[in-house]
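A.B. asks: Can you read through this structure? Questions will come right after.
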Ligand SMILES: Cc1cc2nc3c(=O)[nH]c(=O)nc-3n(C[C@H](O)[C@H](O)[C@H](O)COP(=O)(O)OP(=O)(O)OC[C@H]3O[C@@H](n4cnc5c(N)ncnc54)[C@H](O)[C@@H]3O)c2cc1C
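In my numbering, the protein residues as written are 191 to 577.
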C-alpha cells in the first residue's frame, strides 16, 4: 500500500493499515519530517482519548475561552469541571504519529513529491520525483492524504473541494494573557474569526481566517492587541495555508481513497481538521482492509468508505457549512445583537456552559441556538437572504 502525504492523517492511515498486516510506504514531499506546520493544534479531549494522543505532545489544556463581539462585548465559554480541548505542539504531534507508524514497520520516503497516479487493472502506479529523478511505486491501493490543494484529485476525476478559506498565523509574545481569546467582527476577520491561543506563559499563537487579505488583517490585529497591552510586539513572521470548507465531490475511485484535508474533511465552523481527518483515516483503513480481503478494490467497493464517513460527519458538515455561510452575511451590528441576545436571555449559559457542549460536534448546539425563540426572531428581523 502507498500513502501519499506524511501529515497526521496520512501517518495515522499508514499506522492502521500496517497494524492490520499490510506493507505500507508513505511518500512525502518534504525533505525532512518534523518541520514547522501552520496550525494552532487545538484538538478536543474526545480526540485525545479516541486516538490515544500522548501527554508529551500536549502544550496545555483548555478549560475556557473568552469570546469578543466586534464592539468588545464578552461571552465566556467555560467547561464544567472537565477539559474540553488541548493545544498540541504540531511538530511533536506529527512526529509522534510518524513514530507510531514506523513502530509498525511503515517506511517513509522523503523529498519525493508525487506527480501522478496511474490506476491499472491490478495495481496502482504512483509517480514521484526525487532530486530530479523519477521514482515509481506500485501498490494494490493508494491513500491520498496530501492535504489542502491537492492537484492529484482533479487529475483522477474526483473534482475539487467546493469552498475554502485562508488561515494565517504567527507566534507572538503575550503580556498577561492566560486564556484562549476569540475575536469576531468584519474589521477583524471578515466572515470568520481570529484567535489568540496561549501555548506557554508568555507565548501564544495569533491567527485568523479570511477569504481576502489575510496578512493585512493579521497586521491590523497585532497592532490592536499591542495597543491593548495584550502582546509585546507587532513583529512576527506569519505563515499561510488554505483550509477546505466543503468536501471533495468524490473521495474514492478504483484502488484509491482520499482522506483528511485533501478530502475536505474539516469542520466548516472553525476550520479544525485534525480530528475529522483521523476519524476518516480510521474508516478508510477499515474499508480498505475489507476490500483487500475480498480482493475487490473497485470504486463500487470503496464507495463504502465515503458512505461510512458521510454517515459519521455528513450532517455536521452540512449544518456547519450552512451556519458558516449565514454568519458570513452578518454585519458587525448584527453580530453584536446576537451576543446581546445570548447574554440577556441566558442562552450563553445554556449553550456554552452546558454539560453536553461539544468541541467537535457543533450541529446540535447550532440547532439549539436557532431553535431559541429570541434568536430565531432576531434572525428573522435581520432578514438575511440565504441561498
Ligand atoms: C492557521 C491554521 C490553523 C489551524 N488550526 C487548527 C487547529 O487548531 N485544530 C485543527 O484540528 N486543525 C487546525 N487546522 C487545520 C489542520 O492543520 C489540518 O486540518 C491538518 O493539518 C490536516 O492534516 P492532513 O494530514 O490531512 O494534511 P497536512 O497536515 O496538510 O499534511 C499533508 C502532507 O502531505 C504532504 N504532501 C502534499 N503534497 C504532496 C505530494 N504531491 N506528494 C507527497 N507529499 C505531499 C505535505 O508535505 C504534508 O506533509 C489549522 C489550519 C491552519 C491553516
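Just so it is clear, CB atoms sit at the ideal spot from N, CA and C, and this is done for glycine as well. A quick note: this is a predicted structure, and the numbers were derived from the prediction, not measured.
#1: Where does residue 484 land, buried or exposed, given buried means 16+ other C-beta within 10 angstroms?
#2: Is residue 201 closer than 7 Å to residue 288 when the C-beta atoms are compared?
#3: Helix, strand or coil for residue 385, going by three-state DSSP, please let me know.
#4: Kindly provide the ranges of any beta strand (DSSP E) runs that are 3 or more residues long and lie completely inside the region 270-309, ordered along the chain.
#5: Classify residue 576: buried if its beta carbon has 16 or more other beta carbons within 10 angstroms, exposed otherwise.
#6: Quick check for students: name the residue ranges of the alpha helix (DSSP H) that lie wholly in the region 195-270, counting only runs of 4 or more.
#7: Can you give me the Cβ contacts of residue 439 inside the same chain, cut-off strictly under 6 Å, excluding the 5 residues immediately before and after it?
#8: Should residue 310 go down as buried or exposed, given a rule of 16 or more other Cβ atoms within 10 Å for buried?
#9: Hey, how far is the Cα of residue 243 from the Cα of residue 231?
#10: Please work out which residues of its chain come closer than 6 Å, Cβ to Cβ, to residue 206, disregarding the five sequence neighbours upstream and downstream, and give them in chain order.
#11: In angstroms with no decimal places, state the Cα-to-Cα distance between residue 557 and residue 505.
#12: To the nearest angstrom, report how far apart residue 299 and residue 215 are at their CA atoms.
#13: Alpha carbon to alpha carbon, how far is residue 490 from residue 233?
#14: For ligand 1, I want to know if residue 243 counts as a neighbour, meaning its beta carbon is within less than 6 Å of at least one of the ligand's heavy atoms.
#15: Between which two residues does the beta strand (DSSP E) containing residue 369 stretch?
#16: Under the DSSP definition of a beta bridge, which residues are partnered with residue 434?
#17: To the nearest angstrom, how far is the alpha carbon of residue 263 from that of residue 208?
C.D. replies: On the basis of the supplied data:
#1: As a first step, residue 484 is located in the chain shown; it is residue number 294 there, counting from the start. Residue 484 comes out exposed.
#2: By 1-based counting over the chain shown, the position of residue 288 is 98. By 1-based counting over the chain shown, the position of residue 201 is 11. Cβ atoms of residue 288 and residue 201: closer than 7 Å.
#3: For this step, residue 385 is matched to residue 195 along the chain shown. In the structure shown, residue 385 sits in a strand (DSSP, three-state: E or B).
#4: 275-278, 297-299, 304-309
#5: If you number the chain shown from 1, residue 576 lands on position 386. Annotation note: pLDDT 47 at residue 576 (below 50); position unreliable, coordinate value reported separately. So residue 576 counts as exposed.
#6: 198-209, 235-240
#7: Position 249 of the chain shown, counting from 1, holds the residue named residue 439. Result list for residue 439: 349, in chain order.
#8: Sequence index remark: in the chain shown, residue 310 carries index 120 (1-based). The residue in question, residue 310, is exposed, as its Cβ has fewer than 16 Cβ neighbours within 10 Å.
#9: In the chain shown, residue 243 corresponds to position 53, counting from 1. In the chain shown, residue 231 corresponds to position 41, counting from 1. Roughly 12 Å between the two C-alpha positions.
#10: As a position in the chain shown, residue 206 is number 16, starting the count at 1. Cβ within range, chain order: 475.
#11: In the chain shown, residue 557 corresponds to position 367, counting from 1. In the chain shown, residue 505 corresponds to position 315, counting from 1. Approximately 12 Å between the Cα atoms of the pair.
#12: Here residue 299 refers to the residue found at position 109 of the chain shown. Here residue 215 refers to the residue found at position 25 of the chain shown. If I take the Cα positions, the gap works out to 7 Å.
#13: Counted from its first residue, the chain shown places residue 490 at position 300. Counted from its first residue, the chain shown places residue 233 at position 43. Distance between the alpha carbons of residue 490 and residue 233 is about 33 Å.
#14: The sequence position of residue 243 within the chain shown is 53, counting from 1. No.
#15: Translated into the one-based positions of the chain shown, residue 369 becomes position 179. Note, residue 369: premise wrong, no beta strand (DSSP E); not H, not E.
#16: Indexing the chain shown from 1 puts residue 434 at position 244. Partner(s): 354.
#17: Counted from its first residue, the chain shown places residue 263 at position 73. Counted from its first residue, the chain shown places residue 208 at position 18. For residue 263 and residue 208, the distance between alpha carbons rounds to 51 Å.
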